[in-house]
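*Asks:*
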Amino acid sequence: MLISSSQRFARTLATCLIAVLAFACTPERPSQSGSSAGEQPAAAPPAETAAEVPPPEEAENLAKQTPAEKPESTPVDDDGNSSGTSQEDPLEEAVKEAREEVARYIETGDLDAIAKRGTLRILTFSLMENTELPRNDIVTRGHIQMAQSFAEWLTLTPEWILVDSPEAAIEALREGKGDLIGDNLSETKRRHALVDFSKPLAAVNEFGLIGKDAKAPDDPDNLTGRKLLARKDSLFSEWAERYAKENPEMHIDVEEIPNDARMDDLVDRINAEPDSILIADSNEVNALKHYRDDFQVLDREDEGRHIAWALRKESPQLIAKLNEFITFSVAKASTTTRFSDDWDKIKKRGVIRMLTRNSPETYYIWRGRLMGFDFDLARQFALNNKLGLQVVAVPSDIDLLQMLKEGKGDFVASSLTVTPEREGQGATFTAPYVKVGTNILSNKQTGQIDGPEKLKGKVLTVRYHSPVVSQARALAEQHGFEVQIAPRDISTDAIISKVASGEYDATIVDTNLAEISISNFDTLLLGMKVGGEKPQAMAVRDENPALAEELNTFIAKAEKSGFLDKTYDTYFKPEAKHAATFKQSYDKSGAISPFDDIVKKAVEGTDFDWRLIVAQMWQESRFDPKAKSHAGAQGLMQVMPATAKGMGYKPPLYDPKKSVKAGVEYMVWVENRFKDVIEPEDKIWFTLASYNAGIGHVFDARRLAKQQGWNKDVWFGNVEKAMLLLEQEKYFRKARYGYARGSEPVHYVKTIREHYVAYAAVAKALSPFYDPEIYRYIPIYLPSPREFAAP
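One point on numbering: in this note's numbering, the residue at position 576 of the sequence shown is 582, and numbering is uninterrupted.
#1: Given that a residue counts as buried once 16 or more other Cβ atoms are within 10 Å of its Cβ, and exposed if not, what is I455?
#2: Reducing DSSP to helix, strand and coil, say where Y577 ends up.
#3: With H, G and I counted as helix, E and B as strand and the rest as coil, what does DSSP make of I684?
#4: Below 8 Å on the Cβ atoms is my contact criterion, and I expect F823 with L642 to pass it. Report the Cβ-Cβ distance as a whole number of Å.
#5: Quick one, which of N678, E750, M377, F487 has its alpha-carbon nearest S3's?
#6: Going by DSSP, which residues form a beta bridge with E262?
#7: Please state if the CB of A597 and the CB of Y439 are separated by a distance shorter than 8 Å.
#8: What are the start and end residues of each continuous beta strand (DSSP E) run of 3 or more residues lying completely inside the region 272-313, in chain order?
#9: Does the region 502-514 come into contact with the region 416-435, if we say contact requires no fewer than three beta-carbon pairs (one atom in each stretch) closer than 8 Å?
#10: Hey, does M256 have any beta-carbon neighbour from chain C nearer than 8 Å?
#11: For T559 and T444, what's the separation of their Cα atoms in angstroms?
#12: Three or more C-beta pairs under 8 Å: does that hold for the region 659-678 against the region 169-185?
#13: Measure from the alpha carbon of A314 to the alpha carbon of each residue in L234, A746, S204, then state which is nearest.
#14: Hey, is the region 564-578 in contact with the region 463-482, meaning 3+ C-beta pairs nearer than 8 Å?
#15: Need the endpoints of the beta strand (DSSP E) that Q408 sits in, please.
#16: Classify L519 as helix, strand or coil using the three-state DSSP reduction.
#17: If you follow the alpha helix (DSSP H) that K414 is in, where does it begin and where does it stop?
#18: Do the CB positions of V840 and T517 come within less than 8 Å of each other?
#19: Determine, using beta carbons only, whether T425 and V400 come nearer to each other than 8 Å.
#20: For E320, count the other beta carbons within 10 Å of its own beta carbon; 16 or more makes it buried, fewer makes it exposed. Which is it?
#21: Roughly how many whole angstroms lie between the Cα atoms of P4 and G217?
#22: Could you spell out where the beta strand (DSSP E) holding E165 opens and where it closes?
#23: Give the DSSP-derived three-state secondary structure of Q625 in the structure shown.
#24: P658 to E549, Cα distance in whole Å?
#25: Which residue marks the beginning of the alpha helix (DSSP H) containing L383, and which one marks its end?
#26: At what residues does the alpha helix (DSSP H) containing V676 begin and finish?
#27: Can the beta-carbon of L710 be found closer than 8 Å to that of Y737?
#28: Beta-carbon within less than 7 Å of D575's beta-carbon, same chain only, minus the 5 sequence neighbours each way: which residues are those?
#29: Report all residues from its chain with a CB closer than 6 Å to the CB of L117; omit the five preceding and five following residues, and keep chain order.
#30: Count the other CB atoms, across all protein chains shown, that sit within 10 Å of the CB of N228; report buried if there are 16 or more and exposed otherwise.
#31: From P254, L215, E539, G214, pick the residue whose C-alpha is nearest to that of G231; which is it?
#32: Using the three-state DSSP reduction, which class does I216 fall into: helix, strand or coil?
#33: Quick check: the Cα distance between F131 and N211, rounded to an integer number of angstroms?
#34: Let me know the secondary structure DSSP gives T72 once reduced to three states.
#35: Looking at the structure shown, is F203 part of a helix, part of a strand, or coil, going by DSSP?
#36: Are P164 and L126 close, meaning C-beta to C-beta below 8 Å?
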């Protein structure tokens with residue numbers, strides 16, 4: 007292959023630069039830790055000073071001061087105009103390649119050697135922190151958050167390295183390609199011979215699971231004729247193989263199942279195979295018990311095993327610091343004991359318990375991240391006070407204040423409207439952290455309800471137990487319309503979706519939800535206000551005045567610092583990109599965006615058509631490289647910083663190349679999780695839905711689709727319908743990932759498909775020699791050039 011003289015020079019220079027950069031890129035050990043916005047450490051040793059509200063902004067500012075964290079500039083043309091398609095300078099490309107080479111360094115030293123580099127490389131085999139919605143767990147104890155906190159406690163920059171399996175992590179650690187395995191790793195004799203382990207983070211036991219209607223063995227040691235299902239290369243698999251060999255007369259069949267097999271699919275399998283026994287650890291079993299009751303747990307004697315982090319042998323400095331951190335950081339609390347303690351004893355306990363709902367306003371999981379307005383406030387309060395936060399998600403048919411009174415939580419944070427009735431239940435409310443009005447929301451078919459007379463002959467649907475029911479009925483008596491109370495398990499989001507689709511005429515919702523809903527659904531219309539603004543606040547028991555005072559102090563500081571407003575805006579202020587309209591120009595060359603060349607290069611070797619990624623990019627950022635969502639997603643492809651770190655891309659993600667590469671690589675990672683989907687077209691739609699909502703919700707929707715008699719391998723008209731059902735408590739209570747804003751991924755996939763069709767049609771109209779491959783994901787009908795008009 008012929009290369010230009012400038013390219014030859016650049017390659018030669020790159021080789022020389024590697025040695026120089028190895029020295030120049032080794033930072034001084036920072037005096038203060040930095041972390042990405044919104045990602046705060048769990049409880050840390052007392053030596054660390056508690057951050058005042060709002061630590062997320064402070065951390066973001068610190069990150070901006072770090073040279074490695076500064077946004078990379080967008081390529082510019084000769085006139086200084088931003089362009090994603092400009093030719094990369096050979097020297098610049100060579101320098102980048104040299105830097106990447108230096109980044110892949112080998113280090114086998116102890117903490118003193120690691121500290122000189124300023125970076126702690128954390129190996130993980132779990133890209134997503136949350137593998138289910140925690141319904142009664144200490145959420146500040148996840149391995150990703152704790153490992154991040156440990157790095158920051160050492161004043162080192164955390165760098166995440168994703169590997170395929172625990173075995174791959176151990177190998178990379180031993181070879182010096184990482185400094186620590188910060189994941190849930192089981193201690194075994196074989197592994198102890200290879201690496202050292204920290205103090206235990208948890209202890210787990212092994213259990214056998216069988217289907218709900220299966221017959222349990224009369225003797226737990228007699229497994230005659232049974233099939234044992236155990237994860238490949240796991241401790242369970244080793245035990246099962248050994249047990250089968252030691253008892254040949256039992257004719258035990260052992261099947262190794264893939265490490266990435268989903269627990270829900272495995273439980274479905276043992277219900278379909280009465281003779282099969284699934285071997286699982288206590289963590290997995292306890293998680294299942296929160297939302298499923300269609301299995302039996304077999305008693306089995308088990309010595310138990312420890313979950314810990316791993317380090318290289320001969321690392322006494324690092325292991326001493328890690329054990330010190332774990333001693334202070336791992337809060338100990340029971341998830342079942344009842345307490346009615348005030349603030350002093352809560353501090354001694356080390357964990358504070360939040361009672362809330364699994365709902366879009368308060369607490370849910372999205373793109374693998376725990377979110378919610380009330381949750382974010384509660385988490386920040388816990389972090390500021392060096393407490394673990396235990397979230398107790400309470401079903402809607404159970405009274406939150408009664409749970410509080412019974413000592414099953416320390417405070418309620420669930421967007422509670424302050425009413426005299428609630429104050430009479432033995433609860434003390436904090437100062438309001440928000441005041442919210444209510445508005446009528448209707449659709450274009452019904453017409454805008456700007457006055458009560460416009461409701462005549464219509465049906466106004468109100469959520470069960472909504473505080474506006476009495477007001478709605480009073481209006482109905484005066485103006486002659488019907489008030490319909492929605493079923494108990496229908497969420498506010500589900501009601502809004504039904505209004506948007508025309509199934510319901512109108513509803514009454516909080517003003518903040520109404521405003522963000524009309525930005526997501528172009529069929530919705532904002533109508534008249536109903537009543538005045540009402541305060542929402544947290545609640546504690548009357549006998550806990552010290553806790554109430556601490557919460558009031560936190561709310562006051564959060565309001566003064568702007569943290570409260572920023573958190574509110576994250577969830578209830580429509581983002582500018584939602585209001586944009588689809589107006590895209592095309593030139594005669596067929597260019598769609600300024601970043602076409604970047605996308606074409608990024609999709610090389612993948613199954614994705616570059617035009618599909620461009621359509622997705624439009625939906626994500628409207629082609630704005632500096633776009634940042636309220637939730638923290640960055641760049642053209644709106645990748646979350648934590649996800650990018652897991653893929654090996656260090657935030658920020660405002661450089662077009664970095665953002666597109668990270669987005670496409672994550673798309674590939676997600677697509678590989680749908681190997682059982684046969685049709686390439688549907689695999690694409692599942693991948694897009696997962697990119698938007700998080701893969702867990704799509705897994706839940708596929709399982710629900712199968713239960714409903716729909717095709718779990720087809721998105722349109724099947725799984726998309728199940729996704730909408732996950733807005734209803736009747737269904738999301740039994741889903742591993744809980745509540746989903748189902749209408750969002752449904753709209754997301756539909757819109758991207760429409761834009762992709764538009765791009766493909768334009769390409770066809772521009773040239774008779776179009777590539778037919780661009781139509782591979784377009785279903786059945788495509789308009790002719792004459793019929794086509796960009797929406």
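Glycine residues also receive a C-beta, built at the ideal position from the N, C-alpha and C atoms.
Quick caveat: nothing in here was measured; it's all calculated off a predicted structure.
*Replies:* So, from the listed chains and residues:
#1: buried
#2: helix
#3: coil
#4: In the structure as shown, the chain starts at 7 and stops at 797, and residue 823 therefore has no counterpart that could be examined.
#5: Residue 3 lies beyond the stretch modelled for the chain, which goes from 7 to 797, so this question has no answer here.
#6: A236
#7: no
#8: 282-287, 301-304
#9: no
#10: Included in the structure is just one protein chain, with no chain C present.
#11: 28 Å
#12: no
#13: S204
#14: no
#15: From DSSP, Q408 is part of no beta strand (DSSP E) but of the alpha helix (DSSP H) over 406-411.
#16: helix
#17: Taken as a continuous stretch (DSSP letters only), K414 belongs to no alpha helix (DSSP H), as it is neither H nor E.
#18: Since the displayed the chain opens at 7 and closes at 797, residue 840 lies outside it and no answer follows.
#19: no
#20: exposed
#21: Absent from the model: residue 4. The displayed extent of the chain is 7 to 797, so no value can be given.
#22: 163-168
#23: helix
#24: 46 Å
#25: 379-390
#26: 662-677
#27: yes
#28: H636
#29: Q323, L324
#30: exposed
#31: P254
#32: strand
#33: 21 Å
#34: Low confidence applies to T72: its pLDDT is 33, below 50, so where it sits in the model is not reliable enough to give any reading.
#35: strand
#36: yes
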